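Enquirer:
Residue numbers (UniProt numbering): 1 to 396.
Dropping the structure here:
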């Protein structure tokens, strides 16, 4: 018996919405084509207004139909785009819905589907007001594709994807910028500027939501009660680390300036020292957990205790990382370029572009003894200890 294709409910619904809305939009466009054939003079002026603004975004007219901010995301104008979008939602949604839960994945989809469309609508509405014949159609999953890639960058940044029989190997952390670069080249060569704007806003919206607002259960808390953490201040998810290493410093400077301005007007809340440490441990636990197989998920009753065992393993890894950090002593972690200002308590402010880090004070005698108790064993031979005692008595 062939294996049953297991797709989470929300992911299944998104795929159905993509196919249904794209098919309905195709019917409306076909009706428009028939109208153009019958009455060219009339339809050139009014044809697109009659059909398409109900589903996709027309900057001049879609303010009358606010639901298009959501429906436009799930409409593709051609078969190739429909297939690519379906594959993206299938694999991305299938993994993220299991990793986050259906409720959290629904929030993420709602935010990353509507906000990029709204921002794009505002930009093109202003352009349409100044340029009479400038009225592009805004639709497609470019924003969702960016959002899914950013979320994978957060969860499994070091996972390697092999393509063309291992001829091309790319780490997941490089996919968001490669996606933006692809849309930039396409906009320059083919004029697909709306997709570039959507991809850019999808990237910024998803990163902002995951960095500052999304709540997730702690993977490093050993208590039985579930604890939730807000945002992600981990080193690997800093804004500058989405870009190649030579660009870390200039990107971090610009991003930190923006972050400080947002904190000054109280749009963003700075992370505390405890938050930074917790999020770094959370990122370590996620990285050690790896990327489970999307094509062959664990089946039914074979591994009943796998989730609990995985959680215990991640907690042990997090405790081990904390033990190593305590034994390391007073070596402060560096930011991206070292320009991040320090807070009075000694912690570096976790800006948009730099690595949030904590400056740990150097261990004194008592701290060294504590570190030794955590994992170091000191052995002093009896002869050596006896000679030290005699020297001490002679000095007295």
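By construction, the Cβ of each residue, glycine as well, lies at the ideal position given by its N, Cα and C atoms. Since we're looking at a predicted model, the values are computed, not measured.
On the DSSP bridge list, what partners appear for residue 160?
Expert: Within the chain shown, numbered from 1, the residue matching residue 160 stands at position 160. According to DSSP, which records beta bridges pairwise, residue 160 is partnered with 171.
Enquirer: Hey, would you say residue 143 sits closer than 8 Å to residue 116, going by beta carbons?
Expert: Residue 143 sits at position 143 when you count from the first residue of the chain shown. Residue 116 sits at position 116 when you count from the first residue of the chain shown. Yes, the pair counts as a contact, with Cβ atoms nearer than the cut-off.
Enquirer: Just reading off the beta strand (DSSP E) that residue 216 is part of, what are its end residues?
Expert: For this step, residue 216 is matched to residue 216 along the chain shown. From DSSP, the beta strand (DSSP E) with residue 216 extends over 215 to 217.
Enquirer: Distance, Cα to Cα, residue 95 vs residue 236?
Expert: Within the chain shown, numbered from 1, the residue matching residue 95 stands at position 95. Within the chain shown, numbered from 1, the residue matching residue 236 stands at position 236. The alpha-carbon atoms of residue 95 and residue 236 are separated by roughly 20 Å.
Enquirer: The beta strand (DSSP E) that contains residue 233, what's its start and end?
Expert: For the purposes of this step, residue 233 is identified with residue 233 of the chain shown, where counting begins at 1. No beta strand (DSSP E) holds residue 233; DSSP gives it neither H nor E.
Enquirer: Tell me where the alpha helix (DSSP H) around residue 266 begins and ends.
Expert: Taking the chain shown and counting its residues from 1, one reaches residue 266 at position 266. Where residue 266 is concerned, there is no enclosing alpha helix (DSSP H), given that its DSSP letter is neither H nor E.
Enquirer: Report yes or no: do three or more beta-carbon pairs, one from the stretch 199 to 218 and one from the stretch 178 to 186, lie closer than 8 Å?
Expert: Counting Cβ pairs under 8 Å, three or more are found: they touch.
Enquirer: For residue 130, count the other beta carbons within 10 Å of its own beta carbon; 16 or more makes it buried, fewer makes it exposed. Which is it?
Expert: Here residue 130 is taken as the residue at index 130 of the chain shown, counted from 1. So residue 130 ends up on the exposed side.
Enquirer: Between residue 259 and residue 248, is the Cβ-Cβ spacing less than 8 Å?
Expert: If you number the chain shown from 1, residue 259 lands on position 259. If you number the chain shown from 1, residue 248 lands on position 248. Going by C-beta atoms, residue 259 is not nearer than 8 Å to residue 248.
Enquirer: Measure from the alpha carbon of residue 254 to the alpha carbon of each residue in 239, 263 and 268, then state which is nearest.
Expert: Counting from one through the chain shown, the residue named residue 254 turns up at place 254. Residue 239 is the option with its Cα nearest to residue 254.
Enquirer: Going by beta-carbon coordinates alone, are residue 75 and residue 55 separated by less than 8 Å?
Expert: Along the chain shown, read from residue 1 onward, the residue named residue 75 stands at position 75. Along the chain shown, read from residue 1 onward, the residue named residue 55 stands at position 55. Yes, the pair counts as a contact, with Cβ atoms nearer than the cut-off.
Enquirer: How would you write the range of the alpha helix (DSSP H) that residue 136 sits in, first residue to last?
Expert: The count along the chain shown starts at 1 and reaches residue 136 at position 136. Neither: residue 136 is in no alpha helix (DSSP H) and is coded neither H nor E.
Enquirer: For residue 89, which residues of its own chain have a beta-carbon under 6 Å away from its beta-carbon, when the five flanking residues on both sides are left out?
Expert: Looking up residue 89 in the chain shown gives position 89. The residues are 14 and 15.
Enquirer: Which residue from 86, 188 and 193 puts its Cα closest to that of residue 11?
Expert: In the chain shown, residue 11 corresponds to position 11, counting from 1. The candidate whose alpha carbon is nearest that of residue 11 is 86.
Enquirer: Quick check: the stretch 111 to 126 against the stretch 56 to 69, are there 3 or more CB pairs under 8 Å?
Expert: Flag = yes, the stretch 111 to 126 and the stretch 56 to 69 touch.
Enquirer: Please determine, among 23, 159, 8 and 71, the residue with the shortest C-alpha to C-alpha distance to residue 93.
Expert: Here residue 93 refers to the residue found at position 93 when the chain shown is read from its first residue. Comparing Cα-Cα distances from residue 93 to each of 23, 159, 8 and 71, the minimum goes to 8.
Enquirer: Kindly indicate the opening and closing residues of the alpha helix (DSSP H) around residue 76.
Expert: Sequence index remark: in the chain shown, residue 76 carries index 76 (1-based). Residue 76 -> no alpha helix (DSSP H), and no H or E assigned at all.
Enquirer: With three or more C-beta pairs closer than 8 Å as the rule, is the stretch 97 to 117 touching the stretch 138 to 156?
Expert: They touch, by the three-pair rule.
Enquirer: Shortest alpha-carbon distance to residue 272 belongs to which of 207, 234 and 250?
Expert: As a first step, residue 272 is located in the chain shown; it is residue number 272 there, counting from the start. Selected option, being the one with the closest Cα: 234.
Enquirer: Taking just the CA atoms, how far does residue 105 sit from residue 29?
Expert: For the purposes of this step, residue 29 is taken as residue 29 along the chain shown, with counting starting at 1. For the purposes of this step, residue 105 is taken as residue 105 along the chain shown, with counting starting at 1. Cα to Cα, the separation comes out at about 32 Å.
Enquirer: Drop a sphere of 10 angstroms on the beta-carbon of residue 67, count the other beta-carbons inside from all chains shown, and report buried for 16 or more, exposed for fewer.
Expert: Looking up residue 67 in the chain shown gives position 67. With fewer than 16 other Cβ atoms within 10 Å, it is exposed.
Enquirer: Under three-state DSSP, which class holds residue 228?
Expert: Indexing the chain shown from 1 puts residue 228 at position 228. Here residue 228 sits in strand by DSSP.
Enquirer: Quick one: residues in its chain with C-beta nearer than 7 Å to the C-beta of residue 268, no 5 flanking neighbours on either side, listed in chain order?
Expert: As a first step, residue 268 is located in the chain shown; it is residue number 268 there, counting from the start. Closer than 7 Å at the Cβ level, and outside the excluded window around residue 268, lie 212, 259 and 262.
Enquirer: Report the option in 137, 204, 167 and 155 whose CA atom is closest to the CA atom of residue 147.
Expert: To locate residue 147, count along the chain shown from 1; it is residue 147. Closest by alpha carbon: 204.
Enquirer: Do you know whose CA, among 100, 163 and 137, lies nearest residue 195's CA?
Expert: Numbered from 1 along the chain shown, position 195 holds the residue referred to as residue 195. Per the Cα distances, 137.
Enquirer: Whole angstroms are fine: how far does the CA of residue 154 sit from the CA of residue 274?
Expert: The sequence position of residue 274 within the chain shown is 274, counting from 1. The sequence position of residue 154 within the chain shown is 154, counting from 1. If I take the Cα positions, the gap works out to 20 Å.
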